[in-house]
Amino acid sequence: MRGTATSRRGKKASRFGERRTFSPRWLARGMSLYPPLLGAGIRVVEFSDDWTVCRTELRLNRLNRNQQGTAFGGSIGSMSDAFFALLLWNQLGKGYYVWDVKAEIDYLSPGTSTVHGRFEVPREVAEQIRAEAESGQKVLHWFETDLRLADGTVVAHVRRQVYVRKRADAGR
Numbered sequence: 009m010r011g012t013a014t015s016r017r018g019k020k021a022s023r024f025g026e027r028r029t030f031s032p033r034w035l036a037r038g039m040s041l042y043p044p045l046l047g048a049g050i051r052v053v054e055f056s057d058d059w060t061v062c063r064t065e066l067r068l069n070r071l072n073r074n075q076q077g078t079a080f081g082g083s084i085g086s087m088s089d090a091f092f093a094l095l096l097w098n099q100l101g102k103g104y105y106v107w108d109v110k111a112e113i114d115y116l117s118p119g120t121s122t123v124h125g126r127f128e129v130p131r132e133v134a135e136q137i138r139a140e141a142e143s144g145q146k147v148l149h150w151f152e153t154d155l156r157l158a159d160g161t162v163v164a165h166v167r168r169q170v171y172v173r174k175r176a177d178a179g180r
């Protein structure tokens, strides 16, 4: 099959080299430079070493303010995109498909300064999802968080639904 090969260690590799896992620090830095996040003014502050917590921030600038001078709702929504899925995927490992499939965002107050996000996937929840996905059936799980200003004001309440399914080729 074109584009894939097996490395000397027997791991499946893409035409760009072996699949690699990235350190939490490297992923945070890399995602902060990812054009859609960078353009929206979003910075990934950190992924915890155990992949249970991610912190982001949306710093206001000329490009992400709306007509009222507050944070653009699209940027607020973007700052929550994929972080629960990334945390879960890194805890479960590459033997699982993990995707964001649905989002609900309630905008509660204007983002008048830097908006902070904290996303958490506790180990117990990841293990519960792993057990539910063991049979090969899909698992849909909702995660929730509040996006806040530094003074604690809630700007938006976010719910994200994550899809998980064990890969059929996970044992290979």
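With positions in the sequence shown counted from 1, the corresponding number in the working numbering is that position plus 8. Here a beta-carbon is modelled for each residue, glycine too, at the ideal position from N, C-alpha and C. Owing to the predicted nature of the structure, the values given are computational and were not obtained by experimental measurement.
By alpha-carbon positions, which one of 36, 170 and 129 ends up nearest to residue 146? The count along the sequence shown starts at 1 and reaches residue 146 at position 138. If we check each option's Cα against that of residue 146, 170 comes out closest.
Please state whether the Cβ-Cβ distance between residue 129 and residue 65 is less than 8 angstroms. Here residue 129 is taken as the residue at index 121 of the sequence shown, counted from 1. Here residue 65 is taken as the residue at index 57 of the sequence shown, counted from 1. In this structure, residue 65 does not lie closer than 8 angstroms to residue 129 by Cβ.
Taking 8 angstroms as the cut-off, decide whether the C-beta atoms of residue 79 and residue 125 are in contact. Locating residue 79 in the sequence shown gives position 71, counting from the first residue. Locating residue 125 in the sequence shown gives position 117, counting from the first residue. Cβ atoms of residue 79 and residue 125: not closer than 8 angstroms.
Just how far apart, CA to CA, sit residue 45 and residue 86? Here residue 45 refers to the residue found at position 37 of the sequence shown. Here residue 86 refers to the residue found at position 78 of the sequence shown. Cα to Cα, residue 45 sits roughly 7 angstroms from residue 86.
Using the Cβ count rule (16 or more neighbours within 10 Å means buried), how would you classify residue 102? If you number the sequence shown from 1, residue 102 lands on position 94. So residue 102 ends up on the exposed side.
In the DSSP assignment, find the unbroken alpha helix (DSSP H) run with residue 136 in it and report its ends. The sequence position of residue 136 within the sequence shown is 128, counting from 1. Taken as a continuous stretch (DSSP letters only), the alpha helix (DSSP H) holding residue 136 covers 131 to 141.
Between the Cα of residue 97 and the Cα atoms of 167, 131 and 158, which residue gives the shortest distance? On the sequence shown, position 89 is the one that residue 97 refers to. With distances taken between Cα atoms, residue 97 lies closest to 131.
To which residues of the same chain is residue 2 closer than 8 angstroms at the C-beta, ignoring the five residues directly before and after it? As shown, the chain starts at 9 and ends at 180. That puts residue 2 outside it, with no answer to give.
Which ranges does the alpha helix (DSSP H) cover as unbroken runs of at least 4 residues, wholly within the stretch 33 to 64, from first to last along the chain? 43 to 48
Using only CA atoms, which one of 155, 47 and 153 lies nearest to residue 73? Translated into the one-based positions of the sequence shown, residue 73 becomes position 65. Among 155, 47 and 153, the Cα nearest to that of residue 73 belongs to 47.
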